[in-house]
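Colleague:
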Amino acid sequence: MHVAVLMGGWSAEREVSLMSGSGVAEALESLGHKVSRVDMGHDVAVRLAELKPDVVFNALHGTPGEDGTVQGMLDLMGVPYTHSGLVTSVIAIDKQLTKQALVPHGVPMPGGRMVRTEELHERDPLPRPYVLKPVNEGSSVGVAIVTAEGNYGNPIARDARGPWQEFDELLAEPFIRGRELTTAVLGDTALGVTELKPKSGFYDYDAKYTDGLTEHVCPAEVPEEIAEACKRIALEAHRLLGCKGASRSDFRWDDSQGVDGLFLLEVNTQPGMTPLSLVPEQARHIGMSYPELVQKIVEEALAGGPA
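To convert, note that position 80 of the sequence shown is 79 in numbering that gives the first Met the number 0; the numbers rise steadily by one, no gaps.
#1: Looking only at C-alpha atoms, which of Arg36, Glu14, Thr188, Gln294 sits nearest to Ile232?
#2: DSSP on Tyr289, reduced to helix/strand/coil?
#3: How about Leu180 and Phe250: are their beta carbons less than 8 Å apart?
#4: According to DSSP, which residues form a beta bridge with Val114?
#5: Residues in its own chain within less than 6 Å of Asn382 by CB, not counting five upstream and five downstream?
#6: Could you check how far apart the C-beta atoms of Gly64 and Gly20 are, in whole angstroms? I think they sit under 8 Å.
#7: Just tell me which of His1, Val2, Met0, Met6 has its CA closest to the CA of Pro270.
#8: State the Cα-Cα distance for the pair Ala3 and Val55, rounded to the nearest angstrom.
#9: Decide if Ser138 is buried, meaning its Cβ has at least 16 other Cβ atoms within 10 Å, or exposed.
#10: Measure the Cβ-Cβ separation of Ala26 and Pro197 and say whether it is below 8 Å.
#11: Pick helix, strand or coil for Glu299, following the three-state DSSP scheme.
#12: Count the other CB atoms, across all protein chains shown, that sit within 10 Å of the CB of Gln70; report buried if there are 16 or more and exposed otherwise.
#13: Is it true that the CB of Ala219 sits closer than 8 Å to the CB of Ala226?
#14: Would you call the stretch 253 to 265 and the stretch 157 to 166 touching, i.e. three or more CB-CB distances under 8 Å?
#15: Using CA atoms only, rank isn't needed, just tell me which of Leu239, Thr182, Val78, Thr213 is closest to Gln281.
#16: Exposed or buried, which one is Gly77 when buried takes at least 16 other CB atoms within 10 Å?
#17: Where does Ile232 sit, in a helix, a strand or coil, going by DSSP?
#18: Closest to Leu131 by C-alpha separation, out of Arg283, Ser276, Leu292, Leu264, would be which residue?
#19: In the DSSP assignment, find the unbroken beta strand (DSSP E) run with Met6 in it and report its ends.
#20: On a CA-only basis, which of Met0, Val278, Thr213 is nearest Leu190? Give me that one, please.
#21: Out of Leu292, Glu299, Ala300, state which residue places its alpha-carbon closest to the alpha-carbon of Ser29.
#22: Going by Cα to Cα distance, which pick from Ser35, Pro107, Val23, Ile90 is closest to Asn267?
#23: Could you have a look at Ala189 and say whether DSSP puts it in helix, strand or coil?
#24: If you scan the stretch 23 to 94 from start to end, which runs of the beta strand (DSSP E) of 3 or more residues do you find wholly inside it?
#25: Could you have a look at Ala143 and say whether DSSP puts it in helix, strand or coil?
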């Protein structure tokens, strides 16, 4: 089988995508497949037309590989591809649209609202502490926690370094104290629950992708009802959004509140596939090797049309 692995691109998550793509390509080659490594550029449609792959493994993170753009292009070209389709990708990359799709079905997610960055320098959008995050970036790119102690000034100072310097609009959410949990879904199966314990106290970009900065506890040492709730919610979100292949649901859990303290933060339709990534880790825990995981994702892409 000829597989084109699409990676890189120009989003803030380029380096992560290159790591994911390299790992996937090596796994596919170990299985005997012909692999073409394609660094996403504006000529990608021409390159794929020349390569004529049987399937594209989408290892892109962020725009344009996670927001429906690449999915729409591949749909028009008639090329099968891994992970979720156009409509699902458009919704899931936008944290506010994701809430609008899931909360009416009873999925617990934090409140909050969209706020223009200019407003932040005049007044707080929510009582402190709260979190500010770009509506359509992943890997904790551009996330800031604004504390009651006024770590950025009160109101936020114009010269304070933060995401308001890069984005015109941000999502403001209440800060949920507690623990960081994540659940991977593959097809119709929730693989497990991992607790993430960053040494810095915040699971930011560096903590996610630098070896040794975050302890992964898999399976998470949480009550059975919490583990089951994570898996149930992750599966429900995967289904409601129409995800294909692998997805990853990230949670915060205030353990002082029991199951009522569990909140889904976001659903990642293009989860990382680096050696440090959570989906391969949870797959290993249930006895699935990295190459087997990659093969299963490819097989699902070939089994059905675009989502």
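From the three backbone atoms N, C-alpha and C, an ideal C-beta is built for every residue, glycine too.
Modeller: If we stick to the structure as given:
#1: Thr188
#2: helix
#3: yes
#4: Bridge partners of Val114: Leu169.
#5: Nothing about residue 382 can be read from this structure; the chain reaches only from 0 to 306.
#6: With a contact defined as Cβ atoms closer than 8 Å, Gly64 and Gly20 miss out at about 10 Å.
#7: Met6
#8: 5 Å
#9: Model confidence at Ser138 stands at a pLDDT of 49, short of 50, so the residue's coordinates are unreliable and nothing is read from them.
#10: no
#11: Taken through DSSP and simplified to helix, strand or coil, Glu299 comes out as helix.
#12: buried
#13: yes
#14: no
#15: In this structure, Thr182 is the residue among Leu239, Thr182, Val78, Thr213 with its C-alpha nearest to the C-alpha of Gln281.
#16: exposed
#17: Correct three-state label for Ile232: helix.
#18: Comparing Cα-Cα distances from Leu131 to each of Arg283, Ser276, Leu292, Leu264, the minimum goes to Leu264.
#19: 1 to 6
#20: Val278
#21: If we check each option's Cα against that of Ser29, Leu292 comes out closest.
#22: Ile90
#23: strand
#24: 33 to 38, 54 to 57
#25: strand
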